[in-house]
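Asks:
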Amino acid sequence: MEIFKTPQETTEYIKSLQGSIGFVPTMGALHKGHLELINKARNENDFVIVSIFVNPTQFLPGEDLDKYPRKLEADLEICKRAGVNAVFTPISQNIYSEDEISIKAPKIKGYILEGFFRPRHFDGVLQVVNKLFNIVKPTRAYFGKKDAQQLYLIKQMVKNFFFDLEIVPVDTIREKDGLALSSRNIYLSNEERKRALSISKALKRAAKLSTTTTDIEKIKKEMLEILDVDRLQYIAFVDNDFNYINKITHGNTIILIAAYIGQTRLIDNIWL
Ligand code: PAF
1273 MEIFKTPQET TEYIKSLQGS IGFVPTMGAL HKGHLELINK ARNENDFVIV
1323 SIFVNPTQFL PGEDLDKYPR KLEADLEICK RAGVNAVFTP ISQNIYSEDE
1373 ISIKAPKIKG YILEGFFRPR HFDGVLQVVN KLFNIVKPTR AYFGKKDAQQ
1423 LYLIKQMVKN FFFDLEIVPV DTIREKDGLA LSSRNIYLSN EERKRALSIS
1473 KALKRAAKLS TTTTDIEKIK KEMLEILDVD RLQYIAFVDN DFNYINKITH
1523 GNTIILIAAY IGQTRLIDNI WL
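Here's what the structure looks like:
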């Protein structure tokens, strides 16, 4: 497996490849959810490239940039075993310059929900993903459905900037008890982890209820009864294009939750 630190080396390598390229952008601390993206990329492409970069521009002041888990050695081992062809793991100076042209998330859908509670977060995500796409020039890029709004905005960027690549959404991987895998789960104490389960339980209950009612207020009320979180930021019902809805349509509804358990902010969702 090749390991590259600079965009130039990576681009040179990419030029030498003949065949389709599956790309999995990550911030490292890889878990089974990332492995799912990698496996799908490997099954659908001739080559698989993974990037590992804790992107500073998508963290707000006061967020967990400094303590975000960094496990490069273990991550590289996971990639090697999963049959990844090359890992691009740059330092910030290789990605960003002093006075940059920046990319702005769309004014509405980039600033609701996650974008409301983490303003400018998606500017940073889109900025770095744009750069990564230009460096890796993938045929297909793989993103988890757990970050549903990110997935939607990246698809939008691909459309708006005429990138010639396919975005492949990948289902959320969960622990046996339902907890959605996230690199941030390691912050949870045992007691917090138990309460974090109320998030996936509320979503599961909502999905079940939606088979007998389309009434969002009724579903929301039951979700609130199940949730055992310290600070709920939102329960939202949107269609697949992130328009708020007031009635559920199967095949075109996502229910999303963001909440704090202790100091840890968790997000999860279910696609109906
Ligand atoms: O989902 C993530 O891990 C990050 O937001 C991404 C897409 C790698 C950009 O830094």
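Under my numbering, the residue at position 105 of the sequence shown is numbered 1377, and the numbers go up by one with no gaps. For every residue, glycine included, the Cβ atom is placed at its ideal position computed from N, Cα and C.
1) In this structure, what does DSSP give as the bridge partners for E1316?
2) Which residues mark the beginning and the end of the alpha helix (DSSP H) in which L1544 is found?
3) M1429: beta carbon under 7 Å from a heavy atom of the ligand PAF?
4) Roughly how many whole angstroms lie between the Cα atoms of S1461 and Q1280?
5) Can you grab the Cα-Cα spacing for the pair D1487 / A1478, in whole Å?
6) Suppose you measure from the CA of V1401 to the CA of A1474; what does that come to, to the nearest Å?
7) May I ask you to report which of helix, strand or coil DSSP gives E1335?
8) Taking the alpha carbon of N1518 as the reference point, which residue from H1393, K1490, G1534, G1305 has its own alpha carbon closest?
9) Which residue's Cα is closest to the Cα of Y1368: I1384, P1328, P1333, S1482?
10) Quick check: the stretch 1301-1317 against the stretch 1434-1446, are at least 3 beta-carbon pairs closer than 8 Å?
11) Determine the direct distance from the alpha carbon of F1394 to that of S1374, and round the result to whole angstroms.
12) How about the stretch 1378-1389 and the stretch 1340-1348: do they share at least three Cβ pairs that are nearer than 8 Å?
13) Who are the Cβ neighbours of I1286 in its own chain at under 8 Å, not counting the five residues just before and after it?
14) First and last residue of the alpha helix (DSSP H) that includes F1405?
15) The beta strand (DSSP E) spanning R1503 covers which residue range?
16) Shorter than 7 Å, the distance from the beta carbon of N1327 to the closest heavy atom of the ligand PAF, or not?
17) Taking 7 Å as the cut-off, is the CB of D1419 close to at least one heavy atom of the ligand PAF?
18) So, are the CB atoms of A1533 and E1464 less than 8 Å apart?
19) Apply the 10 Å Cβ neighbour rule to Q1535 and answer buried if 16 or more other Cβ atoms are within range, or exposed otherwise.
20) Could you give the DSSP three-state label for Y1459: helix, strand or coil?
Replies: Let's see:
1) Here residue 1316 refers to the residue found at position 44 when the sequence shown is read from its first residue. Bridge partners of E1316: none, in fact.
2) For the purposes of this step, residue 1544 is taken as residue 272 along the sequence shown, with counting starting at 1. First-last for L1544: undefined, no H or E at that position.
3) Position 157 of the sequence shown holds residue 1429. Here the distance from the Cβ of M1429 to the nearest heavy atom of the ligand PAF is not below 7 Å.
4) Looking up residue 1461 in the sequence shown gives position 189. Looking up residue 1280 in the sequence shown gives position 8. Straight-line Cα distance between these residues: approximately 42 Å.
5) Residue 1487 sits at position 215 when you count from the first residue of the sequence shown. Residue 1478 sits at position 206 when you count from the first residue of the sequence shown. One C-alpha to the other measures close to 11 Å.
6) Counting from 1 along the sequence shown, the entry for residue 1401 is found at position 129. Counting from 1 along the sequence shown, the entry for residue 1474 is found at position 202. Taking the straight line joining both Cα atoms gives about 32 Å.
7) Here residue 1335 refers to the residue found at position 63 when the sequence shown is read from its first residue. Correct three-state label for E1335: coil.
8) Here residue 1518 refers to the residue found at position 246 of the sequence shown. When each option's Cα is compared against that of N1518, the closest is K1490.
9) Locating residue 1368 in the sequence shown gives position 96, counting from the first residue. Ranking I1384, P1328, P1333, S1482 by Cα distance to Y1368 puts P1328 first.
10) By the criterion of at least three beta-carbon pairs nearer than 8 Å, the stretch 1434-1446 is in contact with the stretch 1301-1317.
11) The residue labelled residue 1374 in the question sits at position 102 within the sequence shown. The residue labelled residue 1394 in the question sits at position 122 within the sequence shown. In a straight line, the C-alpha of S1374 is about 12 Å away from that of F1394.
12) no
13) Along the sequence shown, one-based indexing puts residue 1286 at 14. Here the set comprises I1293, I1321, I1407, V1408, K1409.
14) Here residue 1405 is taken as the residue at index 133 of the sequence shown, counted from 1. Run containing F1405: 1393-1408, per the alpha helix (DSSP H) assignment.
15) What you label residue 1503 is simply residue 231 of the sequence shown in a count that begins at 1. From DSSP, the beta strand (DSSP E) with R1503 extends over 1503-1510.
16) Numbered from its first residue, the sequence shown carries residue 1327 at position 55. True, at least one ligand heavy atom lies under 7 Å from that Cβ.
17) Position 147 of the sequence shown holds residue 1419. Yes; taking the cut-off as 7 Å, the Cβ of D1419 has a heavy atom of the ligand PAF nearer than that.
18) On the sequence shown, position 261 is the one that residue 1533 refers to. On the sequence shown, position 192 is the one that residue 1464 refers to. Residue identity differs from the one stated: residue 1533 is Ile in this sequence, not Ala. Going by C-beta atoms, I1533 is nearer than 8 Å to E1464.
19) Position 263 of the sequence shown, counting from 1, holds the residue named residue 1535. Label assigned to Q1535: exposed.
20) Counted from its first residue, the sequence shown places residue 1459 at position 187. In this structure, Y1459 counts as helix in the three-state DSSP scheme.
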